[in-house]
Every structure is written in C-alpha cells, then in structure tokens.
Amino acid sequence: MDLGFGSRFDDFRSEVAAFVGAHWPPPGGDPKDPVAQRAFRDAAIAAGYYARGVPKRYGGSEQPPDMVRGEIIRQEVRRARAPAEVRDGGITLLIPTLLEWGTEAQKETFIPKTLAGEYRWAQGFSEPGAGSDLAALRTRAELVGDNWVINGQKIWSSYAHRADFMFALVRTEPDAPKHEGISYLIIDLRQPGVTIRPLRQMTRRSEFCEVFFDNARTPADWIVGGRGQGWRVSRSTLKHERGSLGGVTWVESMLRDLVKLARETTHDGRPAILDPCIRAELAAIEGAAMALTYSTYRSASMNAHGQDPGLFSTMAKISSTDLAQRIAKLARDILKDDLLDMSGPHGKWTERFMVSLSMAIAGGTSNIQRNIIAERGLGLPRDITSAP
Amino acid sequence: MDLGFGSRFDDFRSEVAAFVGAHWPPPGGDPKDPVAQRAFRDAAIAAGYYARGVPKRYGGSEQPPDMVRGEIIRQEVRRARAPAEVRDGGITLLIPTLLEWGTEAQKETFIPKTLAGEYRWAQGFSEPGAGSDLAALRTRAELVGDNWVINGQKIWSSYAHRADFMFALVRTEPDAPKHEGISYLIIDLRQPGVTIRPLRQMTRRSEFCEVFFDNARTPADWIVGGRGQGWRVSRSTLKHERGSLGGVTWVESMLRDLVKLARETTHDGRPAILDPCIRAELAAIEGAAMALTYSTYRSASMNAHGQDPGLFSTMAKISSTDLAQRIAKLARDILKDDLLDMSGPHGKWTERFMVSLSMAIAGGTSNIQRNIIAERGLGLPRDITSAP
Amino acid sequence: MNFLLSEEQRILQDRLGELIEATCPLRRVHEVLDGGVAFDKDLWAKLIDFGVAGMILPEAAGGLGLEMIDLALVAETLGAALAPVPFLGQALAGLAIARGGDADQRARWLPAIASGEILATVALAEEAVRWSSRAWTLSPRDGRLSGVKTLVPHGTEADLFVVGTANGGLCVVERGGGVTCERIDGADRTRPLDRVSFVDVRAHPLKGELDAAERLVDAACVLLAADAFGGARRCVAMSVDYAKLREQFGVPIGSFQGLKHQLAEMALAVEPGRGLFWYAAHAIDHLPEKAAHAAAQAKAHLCDGYLQAARDTVEAHGGIGFTWEHDAHLFLKRAMFDWAWMGDPRHHRLRAADLAGWSSGLRLDNQYTFSI
Amino acid sequence: MNFLLSEEQRILQDRLGELIEATCPLRRVHEVLDGGVAFDKDLWAKLIDFGVAGMILPEAAGGLGLEMIDLALVAETLGAALAPVPFLGQALAGLAIARGGDADQRARWLPAIASGEILATVALAEEAVRWSSRAWTLSPRDGRLSGVKTLVPHGTEADLFVVGTANGGLCVVERGGGVTCERIDGADRTRPLDRVSFVDVRAHPLKGELDAAERLVDAACVLLAADAFGGARRCVAMSVDYAKLREQFGVPIGSFQGLKHQLAEMALAVEPGRGLFWYAAHAIDHLPEKAAHAAAQAKAHLCDGYLQAARDTVEAHGGIGFTWEHDAHLFLKRAMFDWAWMGDPRHHRLRAADLAGWSSGLRLDNQYTFSI
C-alpha cells in the first residue's frame, strides 16, 4: 500500500507546474478572456495534459491512462486557478462513445471540433414518461431517403439551449422488442424542426431543457452503431467514467466551505463551530466524506491494476447524494433564518439546500440505484425495474 | 374540543379513589402476596372497574364502553400502586373472540376461569416459515372421532411454558384454498402430545416458546367459529383492541425514566441532561411521544363517538417501535461504556437497548405494516404481501 | 375528554377550504407569485369577509370571539392551500393587541384589524437577536422609537406594526414618516418579508397583560405549527397521487414497494402530529401553565416534519418536482419559512426542555407531564 | 498512489480467515461462550503460531516486524469471525511496550508477548475518567502503584498489564500479589472485561517515546475500527444470505423491494468505510501528523456503522435473530464493545474536530486536508 503519490512522480509534478506557470495567468492578463482560456487548453493538449484519452489524429494528446498523473495535473491546474479540462457531455460521454462505436467519418467530423470547444453537445436520453425506464422511449426516427426524420420530445437535456448538437436515443424499429428498437443518433439542434424550451428550476436558474422534434432531420449516416444498437451503445459510455478521482474534489471543497460557514456564523454570540452538536455532525460528515474519498482512491487503484471495482460508481453516486443532503441540512441548521434570504450573504447555501434535492433525482433515482446494488451487488432476486 | 376529563367525572374519580383506598394496600400488608392481588382484582370486578366489557354471567362487570372512565380507573390504580387489570392474551384476545364467536358452552367453560386468573393462555398463530404470512400455516388437525388430532409446530408463543391452554390457528381443510382451510382451536397444553421449549433471547430471558404437537388432542367442540373460519375469527380480535389508552402509559413512563437517567449520569463531570445535543434529542423524543399520545386520545375519542379511526393502531405500532428505538439510542449515548455492563446500575437500559429491536419484529414486521399503511391507508396498489 | 373537533369546527374548515379552492387554487398561487404582487387581494378580501382576521378577537371589536384552536384551524387550511395572504401578521398583531392592549388601545385598533380596513403585522426579530423576546433591544423613549427590525411579514404593505421591545415588551407603531421597509429576497414568496427601519416614530406601548411578548411567541408557534401540518398533509397527498398516476416499467410507480414504504413513512411522520397543534392551541386558552411548552413542541415537531415532507415530495416527483412550474417548490419554500421563522426546531426543543424543568432541582416526581 | 492491499496482505488475510474457520467457526464461538471459558485456548494457540501477537513487534523480539496495516487486517479478520481470543489486550500491550519502552524493557517483555508465553493487556479507563489519557489519575510513587482501573480486557487471565497513568504516561505491572480482578457481567462475552485493583504493586514506567499513551489510543482506535468493519461486513453478508433463503408468500423475502432497499442501504453504510481504517493504519506508520485524526474518524465512523448494521441484522432476521442460539446477538454485542470501548463515536468526532483545527485561529487556507 502506498498512499502518497510517491517520489517517482515528483519530476512529473515539477514539469506540470512549470508548464502551468509558463502559460497562466495569460499574457493578456485577463483570466476570464475566453480566447486566453482556449489557448491554455490547446497548449495543455499539445503538452499531453488534456484530452489524454483521445488519439492525436482527432486532436487529443493520446497518453496512456494514468490516474495518478491525471490527479497531479488537476491539482497543479487548480492551484494556479488555470482553466480546467472541459468536462461537458460532449467530452465525457460523446467522444468515448464515438471512439468505441463511431465510423471514421463520424470521428473526424465531430471529435476535433468538440475537443476544441466549437461543438457543444446536449444529451437526449430521457423523455416524459421514460426516465429510468428507457425501454419506454417514444421519440421516433424514420429513414426517408438519405435522412432520418425525427418526431417526439426529449426532456432533462442539460444546457440544450446552448448546445449545437444532441446525441439521442430514438426509436427506429417500431416492431422490434422494446430495447432492440432503439438507435443512437446525432442530431443538429440548429434547424427549424427543433424547438428548445429551458425548464426553470426552483432555484430560478435554467439548466435543463425540453427539446421538441417536429420532422427534424439528420443524415442517414449520423447513426452511431447499427440500427437497434442504441441501448448497447449508450450503456458502453458508462465504463469511460472510471479511473477518475473527480468526485473527491467536490466533497472536500464543499466540506471546507461548510466549516468556513460554521466558523463565520454566530449563534447567540458564539461561533457555530463551537456548538458541540454542530461540531459533532460536521465531524460525522467529514468521516463519511473520508470514506467516500478513500473508496474513490481504492476504485481508481483497482482500475489502474486492471481489477474490476464492481458497483463502485453506483455506490459512490448514492453516497454523494446522501452526503450532499446531510451537508445541506447542517448548513440549514447553521443558517437558521438566513436560510430564508435568497440574496443574502449566504444565499448560495439556500440554493444548495434546494440543489441537494436534485442530486437524488438526476441520472436515475436513488431507488433505481438501490435496486441495482441489491441485485447486481448483493445478488438478490431481480424485479420488474431491472434493466434487461 | 374538551381536553380535560371535565368536572362531570370528578365524582367518578372520587368514587374510584375511595374504592382503591379501601382495598389497597391489602389488609395483610404484603403487596406482593398473590392472594391479596387476586382479592383486589375480584373486588374491582365486583365494583364495575375491571372486566368491564365482559357480561356478568361470565364473571365480568358488564359496563358500557367508556374510555374516559377506563382511563380514570387506570390512573387511580396506578397512583396507589394497586394491582392493574391483567392484560394477557387470554383477557385481551381470547375472551373478546369467544364473546363474538364462541358457543355458550365455550364461554361458560373458559371465560370465568380466565378472568379469575385460573386459566392462563398462549397464542398459537406463528409457525416457522409462516410469520407474517398466515396462509402458509402447516400445523394440521384431523377430526378423528370426537377429537381433533393435532400435529405440527408453533413458534413465538409468549409464555407458553407457563400457560394452561392455547388458542391456535391450524389447518383442518387441507384441500381448501389457503386461507379457507384454517380453523381456530382451543388446545389444552397440559397433555403428553405437547412439548414446549422456551426460546432464550439475547437478553438471557425466555419469553417466547416453541410448541410441538405430536398427536395432541382436543375435543371436537373446542373449535371457535366454523371449520375453515379460523382466519376470519382471528382477525376479528383486532377490533377489540380499540378504545384503549394503554400505549400512552408506556411512552410517558419510559421517557420519564430516560430523563432521570440523563439527570443522574455525568459526562466529564456535568449532568448529561445539560449537554445540548442530548437535551435537544430528549426534547425531540418528547415531541414524538406527545404526537403519539394525542393520536391515541384522538383515536379513542373517535371510537367513543362511533367514528372509525382508520389505520391508527397500525400507525401507532410503527410509531411506538420508532420511538423505542430512538429512546434506546439516546440511552446508549447517555450510558456510553456503561452500556457494556449487563448487571451494572444501568443494566436495565442495556437490556432495553436490545429489547427495542424485538419490537420491530413482534407481531408482524414493520415492512408488512408499511405495506398495510401504503395500501389500505394511502390507496396505493397492492402487492403479493397483501393479505386477502 | 373529547379529543375531537366539534361539528362547527369541521364545517368551518370545510367551508374555508372550499372558499380558497374556488378563489385561489394552486394554479392561481403561481400566477399571483409570478405576477410580482405581494398577496392575492381578492382572496384576502374573501377571507376577511369569512372572518379570519377577527376570528379570535372580541365580538365587541367586530370579531367572532372564537378560540385559538379555531384560528389554528384557519392556519392549517391556509397552509394546505399555500394561501398568499397577509394572515400571519394580521392574526398575530390582532392577538397581541387583544391580549396586551388596554381598553382604549383595543378599541382604537381591533375593529380596523377585524374588518381588514388596515393591514397589521409584527416586527420582532432584530439582526443580532432573532427570537428571544427577552433580548430584544429596541426601546421607546418618551413615546418615540428608533431602530431596525427584520423578517417582518408583509412589512411593505402594512399599516400598523406591533413591535417587540426591550424586556419582552410590545408597542404599536402606525405607518407614517419614519418607517422604511426594504423587501428581502425571501424564499417563500407567499409570505414576503421586510427589513423595517423606524426613525423617531410615535410608539404606543401595550399596557395590558404582562408577558404579552412571550404569549405572542406561543401564538406564533401554534399558527406556524398548524400551517406546517396543513402543508405537510397536502405534500403527502400530492406525492401519493403522483405515485398512483405516474407509470414506469408499465405500472404505476406506487406499485413498487420501495416507494410505497417511503410514502408510508411520510404519512407516518406527518399524520400523528395533528394533536400537537390542537393541544397547544387548546392550552393557550384553557391550560395556560402548559401553553408555552406545548406550543414550543408543536412548532418544533411539525415544522421539522413539514420541511422533511416537502423535501421528500420534491424527490417523489422526480425531475418535474424540481421545476419552477410545479407546486412542490412552493411547499418547500413555505416549509422553510415555517421552520425558520420565530426560531428553528432546536431553539424550541431547548426551550421546551427548560420549560419541562428537566434541569431544575425539582424532585423527579414533580416533573412536567404532557398527558392529560 | 496505490490504495490497495498487496498480494502478501491478501494472502495473510485469506490464510488467517481459513485458520479461524477451521478452528473456531461461529457454532464453536457459541460453545466457547456458553461453556463459560474466557477464551478459546485452541484458537489462541494457533493464532500465536500464525504470528498475530508478534505481527508488528520487532524481529529481534521474535516478531514479524510488519506494519500497523497488517495488524489491522488481522483485527478485521478476527472481527468478522467474532474470534473469542485475548487479541486486543495482547496487541495493544505489545505495541505500547514496543513504542514506549526503552531497550531493556523491550527486551524483557516483548519476546514473551510475541511468543504468547504471557498474556498481556491494557488497563486504561478509570471509573470517573474513561478514555482521556491526559486525565487519568493513577500515579506510581517510588516505583509502586495503587488504584483501580476498569474495562480491562481479559484482566483475570492476564499476566501483565500496561497501565495508563497521570499526565498521559504508561507503566507496566506484572501479575502478582496486590492485583485483584473482578469480572464485569459484560455484554460482549468474546472479550470479557474486568475491574482491576492494584494495591502497592511494583510498577515500571515506560521511558521510551513521549506521548506513548496517546499513540496507544490511536492504535486501539484503528484495531477497533478494523474489527468493526470486519463484523459489519459479515452482518451484511448474513442478512443478504438470509433474505435469499427465507421465503414468505411463496418467494424469497429478498424479492421484496422494501427489504432489498434496506439491504442495499446496509451495504452502502458499510462497504465504503474500509479505506478509513486502511488509511489510519497507514498513517500511524507513515504519516504521523495525520494519524490521530484519521484514527479518531475511523473509530467513530466504523464503530457507529457496525452497531447500526448489527441492529439491522437482528431485524432482518425477524424473531429468530433475537434468540440466544442465533449468531446475530453475538455480533450486536461485539459491536457494542467496539462502539463504547476507548470512547464512543461522538467523543472521537469532537476530538477529530479539535485535531482538524476547526476552531483554532488558523487561516482557513491552512486547514487540515484528508485527501492525499
């Protein structure tokens, strides 16, 4: 067991730090300038730090997978507050899918421009009436000449109102059994047959959209994988999520923020952090956060050694959700009435108190995930909600 | 709304107090003397205070149902530490069942002696493999001449090792559909074909027993209700439980005990009751106990007015279980290491910490009860665990 | 003992519920709030006609002369409907003057409050000291008052303020020069809040009963607890209805035992709580020595339960429950108000512990009992 | 970074598990405990041969010279098997002397501990002050010690005691006249406890490293956390197995989503906790500045989780899980020991908060971080 990075990575860390130092802050001096951010990211790809899993011929840096180097890069970039690697759906979901299933033409058309930030993507899986149950998808595409003609509706598509393209699951084989009638299509969102309506959330922000297709079109060869293969293609995406320590950052920074809140808030003239109930719960949350963090390290180490971490990502999802809810409740107990002020000095905590709820909803409800753990992890009998 | 007893009950209370004062402590002076206890209870029946729901011809006092008078009697008896009305299975379950379903001979044979404490009863419903699911009962009785011949096994029969008789559900019609093949029999436990094995609990006490029948016999006319009616007969018992404020006493005395523990225990030299975390949780438990108490008052009031309190008893059962668990956990947090000493000054709390677990198990698991609430209370769709 | 509502009380609640449903169903609540107005004037006028503002005020002042329990039943019904009206401030200000004012003061303000001619509210919390009446600092001198109060319901719209003052006192300030309101960007838009500055305004100390401020706290706890119970029950009903309607894997999601048990737990957490606010309201009128404890426990238990039920409701609805168009967030935000305003559950639990005498030197036999 | 066990460590755990399963499976644990003996001598002899008593002691003393993580893996395996052996006292006493003793002291006692020739234990808690090493009061004078310690594991059987003394010191007392043990009616019979009186006995203060008592507390926390993780995992496995086997309504009860989700929650509460004791054990040898915090968090989180898992296991088994014959209560009672001994979760959480510097005047940027 070696729980440090080990001195053999010291050189690599120095090299990354030197690179970041040379490129950031940008020469122009404005860290919010999108051109400067783009230039930094391009340089990071050229140096082999970003787009590590993508072949050079598609604009990536084609490095062997290395979780430790990946983490060192993230740490050094974060330390310098330089632009992080983009982690949107195009980068994390579409590109790995294309690399595995796409035609050469699809890869050439989409990967370089996606990496460069020119093409932004929306996911089109969920529908009203088909969230966890993708077999119930009703959006359909019919091949008419050289085009798929698409009709139907998608929902919960993040930032579709700012996206250029969608990767979507649609029903192309109406007579096939439910899961076998679905295909994975790429659709240009900038066409008359597509209407996008952002859904305002309880926080007043709009992140998710409804997307309506009314005889929208996409070229016949923008299908990824074969006809009826969409279910399998979409699921292959999951394995690309592994080998990352990403979740750890979120947890630790949220906890740090919560400690800060408890130090700065006074209850009856005393800092809330000195209240033993708040203090003990904060430490209990830290304990749960440590468990999640070390699980992440372990799972990543297993991946790095070619071992299967099993249902780690499903368990991590529920653990994160639980932790977020627990953090939100403790923040509430620290804030007391300040919880009521959406624009006050702690308004972001009021928003987080609400957003913690959406975590239990996004990407499959916790009940579906509990079933997966019970069935695939513990070997309990399957029920009707089990995916085939 | 009238939340006091109202002055119209003042006379009744005085009368009860005078009765109790005249009969207790007993003339002999020893409150533990069973003869004296028996004499008190007999006098209380004669005065119309005990066995109120049982006709005089069977040894009861045949009073109209009156929850308020019942509560006043309990309070005055408790105040004087006089012997409470016996609340075992014979009194609370068998007698009401016989009054509704029994033949005249059965009533005359069993009710008076049960009331007098001469006949003690065990319940024989559960079997290994048939706890919540009574349809799966396998103990069978066959009519041979003038006797039922019984073979099989019962389990979780409270205090069967001290009982004289059992009221049991057994399968008499092997060819009938599952619930229709069951009959309700009275069985004398003091016969060679019956073997009783007390089950030692984790607390080291024995309360529940296994009862084995090996060609045990019972007269043909000791069947209550008709052949195959056992399911219905057993369920009718439930409605006799209503109209009682019994649960309230348990909760309030347990809470009082817990406050006492928190006052007497010191943590780092300070009484635990002054620790704000313990104090707040204690108050939260009190809040939940108040909710349960007032629900009991409401349900009893509804009964008294001929209204249906719905699923109150099922809800009260789960609420009590939750409350007991919460009390056990807070007691644990107060006790700390003293939890480890089974015979120390707080050993009873260590035992309660364990017993709180058995509440979730006894009389149908909480999951079955959640289903009942979801289906019968909230109208959600039924599933396989639903009783017919 | 009769722990039930009377026939009249049930009729009152039913009629009130019908009135609100006819005038301002949940769809209309969204319109009102998104329209940027501070309350639904139409609904408020009808509620005034119904008598909610004078429910508990003396008949001599144009009130109905009913009891706290009746007012709490109104609060429960308004809570279940998310009624966007200035009931809380109006009811509490009326109560404070009825209980704390002398005959002249009652005659001067109560008829206008009961008739809805004026809008009244309470200004209690201060920036540093929120809900401990004994620690408020504003103090009238020579009949003039200066200082700042916060978290004042419908302050901008109010004509009259009952203001908490030092040593647990109360005074009345009529709107006029020297009163400035600044609206807070409150989470619960059904009951907007203001920060209110008083600069050298005329103040009329209430001279009636002692401890008027403490009794006002008790009354507020009961009304918030009742609102919370009404809201929480509605949340359970919404979640159950949705589970019957919404299908997944070809069956209603309410068929799945996982969700069934979660809904049963929601009902279990909410349903038995009703008696807490009934009892506390009853105690205010009939068992004064138990009122503060019962009100604190009702506030803590029911408002805690409401916030959890509202959160569970959002989750039980999936993504749609997180959207602005859906009703769930309005309940969540109203639950946040009920939870926080007048002190959070822990504040009231620690108060209840004090009131129960748990740490006093009393013999244990003399301990407080909550059973009747 | 490599957050995984080595091949050798996995083999060690597998072999140890097989040894215990062959010598003292759970049925045998019942027999041992119901037989009224203090530990399973046969199993203990085999464990000694395996090297558990000297696992982490220097090779010069006949130990294996391994690390804390290896000892913790032993504790995990023993915990999963409810091993009724005096491992805890032996391991901690050995550690205390190895870390806190001078060369002579190490040479005198460690070989006998490693070889199992003597049975050693630790006497730390006092009646009034349980687990705060700085507040212990026993104090040797002129090499003699008098006083009472409690909650001493296998005190009656022990030949040697490492005793906590005033100001966070430690001393060694060999068994002899002046040492009296009184067995407590302990819930966890796999690790019996004694109240031990010392009357004018010879005491040898450990003169090695400073802070030996505090480091002993850290080591104890890690071993209890590991025991708890092992036990909790076994509880989950038992409950899952039972749910697959036991039928109701004609199907395995594990088919019901209500129970499935409860079992999934149990697994979720237990499974991700492993890294806490790994990390804390690793820190004791390699990251000393993080060791106390990591050990406190591991103890709190894992022992809390074990007690809950054991309670859930009783419930998941229904009535049979509440009986004396069943294994569930043995796990429950061992979980109670792990939870309480050396301080309950809240004690360690508050310690962890102090160690993290949350209330110190440090700038927030300098805060403790638990990521690597």
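Protein chains in written order, with full-length UniProt numbering: chain A, 1 to 388; chain B, 1 to 388; chain C, 1 to 372; chain D, 1 to 372. C-beta atoms are modelled at their ideal positions from N, C-alpha and C, and glycine is treated no differently. Predicted model only: the values in this text are computed from it and were never measured.
For residue 372 of chain B, the three-state DSSP class (helix, strand or coil): In the structure shown, residue 372 of chain B sits in a helix (DSSP, three-state: H, G or I).
Residue 102 of chain C: first and last residue of the uninterrupted beta strand (DSSP E) it sits in: Careful: residue 102 of chain C lies outside any beta strand (DSSP E) and carries neither H nor E.
At least three beta-carbon pairs within less than 8 Å, the segment 328 to 335 of chain D to the segment 184 to 196 of chain D: The segment 328 to 335 of chain D vs the segment 184 to 196 of chain D: in contact.
Run of the beta strand (DSSP E) containing residue 236 of chain B, from where it starts to where it stops: Note, residue 236 of chain B: premise wrong, no beta strand (DSSP E); alpha helix (DSSP H) at 230 to 236.
Reduced DSSP category for residue 154 of chain D - H, G, I as helix; E, B as strand; rest coil: Judged by DSSP in its simplified three-state form, residue 154 of chain D adopts coil rather than helix or strand.
Chain-ordered residues of the segment 248 to 263 of chain D with a beta carbon less than 7 Å from chain C: Listed by position along the chain: 256, 257, 258 and 261.
Cβ-based neighbour list, residue 11 of chain B, same chain, cut-off 7 Å, excluding 5 preceding and 5 following: Nothing meets the Cβ criterion.
Span separating the alpha-carbon of residue 258 of chain C from that of residue 281 of chain D: When rounded, the separation of the alpha-carbon atoms in residue 258 of chain C and residue 281 of chain D is 38 Å.
Residue-chain proximity (residue 280 of chain A, chain B), Cβ-Cβ < 9 Å: Flagged as an interface residue toward chain B: residue 280 of chain A, by a C-beta distance shorter than 9 Å.
Chain D within 9 Å of residue 201 of chain B, Cβ atoms only: Contact with chain D is found for residue 201 of chain B, since one of that chain's Cβ atoms lies less than 9 Å from the residue's Cβ.
Whole-number beta carbon distance between residue 239 of chain D and residue 310 of chain D, since they are thought to touch under 8 Å: About 10 Å separates the two Cβ atoms, so there is no contact after all.
Residues within the segment 268 to 298 of chain A neighbouring chain B, beta-carbon criterion of under 8 Å: Against chain B - using a Cβ distance shorter than 8 Å - the residues of the segment 268 to 298 of chain A are 275, 276, 277 and 280.
Pairwise C-alpha distance: residue 233 of chain D and residue 3 of chain D: CA-to-CA, the gap between residue 3 of chain D and residue 233 of chain D works out to about 19 Å.
Straight-line gap, residue 109 of chain A to residue 143 of chain A (C-alpha atoms, nearest Å): In this structure, the alpha-carbon of residue 109 of chain A lies about 21 Å from that of residue 143 of chain A.
Residue 150 of chain B beta carbon less than 9 Å from that of residue 216 of chain B: Going by C-beta atoms, residue 216 of chain B is nearer than 9 Å to residue 150 of chain B.
Contacts that residue 156 of chain B makes with chain D (C-beta to C-beta distance below 8 Å): Per Cβ cutoff of 8 Å: 319.
Residue interval of the alpha helix (DSSP H) (run including residue 43 of chain C): Residues 41 to 50.
Coil, strand or helix - residue 126 of chain B by DSSP: Here DSSP, grouped into helix, strand and coil, assigns residue 126 of chain B to coil.
Min CB distance residue 359 of chain C to chain B below 9 Å: By this cut-off, residue 359 of chain C is an interface position.
Per DSSP, cross-strand counterpart(s) of residue 184 of chain B: Answer by DSSP bridge pairing, in chain order: B:169 and B:224.
4 or more residues per run - each alpha helix (DSSP H) lying fully within the segment 308 to 342 of chain C: Restricted to the segment 308 to 342 of chain C, the alpha helix (DSSP H) segments that are unbroken, complete and at least 4 residues in length are 328 to 340, listed in chain order.
Where residue 265 of chain D meets chain A, residues with beta-carbon distance less than 8 Å: Chain A residues near residue 265 of chain D: 370.
For residue 182 of chain C, the residue or residues it bridges with in DSSP: For residue 182 of chain C, which the question treats as bridged, DSSP gives the partners C:195.
Run of the beta strand (DSSP E) containing residue 151 of chain B, from where it starts to where it stops: Judged by DSSP secondary structure, residue 151 of chain B falls within the beta strand (DSSP E) whose first and last residues are 147 to 158.
Close-in-space but distant-in-sequence residues of the same chain around residue 51 of chain D (CB under 7 Å, 5 per side omitted): Excluding residues within five positions, the ones whose Cβ falls inside 7 Å are 64.
Collapsed DSSP secondary structure at residue 213 of chain B in the structure displayed: In this structure, residue 213 of chain B counts as strand in the three-state DSSP scheme.
For residue 160 of chain D, the three-state DSSP class (helix, strand or coil): Residue state, collapsed to three classes: strand.
Euclidean distance between Cα positions of residue 5 of chain C and residue 12 of chain C: For residue 5 of chain C and residue 12 of chain C, the gap between their C-alpha atoms comes out near 11 Å.
Interfacial residues, the segment 372 to 384 of chain B to chain C, with Cβ spacing under 8 Å: Result list: 373, 374, 375, 377, 378, 379, 380, 381 and 383.
Contact list for the segment 125 to 141 of chain C against chain B, Cβ threshold 9 Å: Listed in sequence order: no entries.
Delimiting residues of the beta strand (DSSP E) encompassing residue 143 of chain A: Run containing residue 143 of chain A: 140 to 144, per the beta strand (DSSP E) assignment.
Chain-ordered neighbours of residue 311 of chain C on chain A, where CB pairs are closer than 7 Å: By Cβ distance, chain A contributes 357.
First and last residue of the uninterrupted beta strand (DSSP E) at residue 198 of chain B: For residue 198 of chain B, the uninterrupted beta strand (DSSP E) run begins and ends at 194 to 200, by DSSP.
Anticipated Cβ contact below 8 Å, residue 202 of chain C with residue 273 of chain C, distance rounded: Contact between residue 202 of chain C and residue 273 of chain C does not hold, since their C-beta atoms are separated by about 43 Å, which reaches or exceeds 8 Å.
C-alpha gap between residue 73 of chain A and residue 16 of chain A, whole angstroms: Approximately 7 Å between the Cα atoms of the pair.
Interfacial residues, the segment 305 to 331 of chain B to chain C, with Cβ spacing under 7 Å: Flagged, chain order: 305, 315, 318 and 319.
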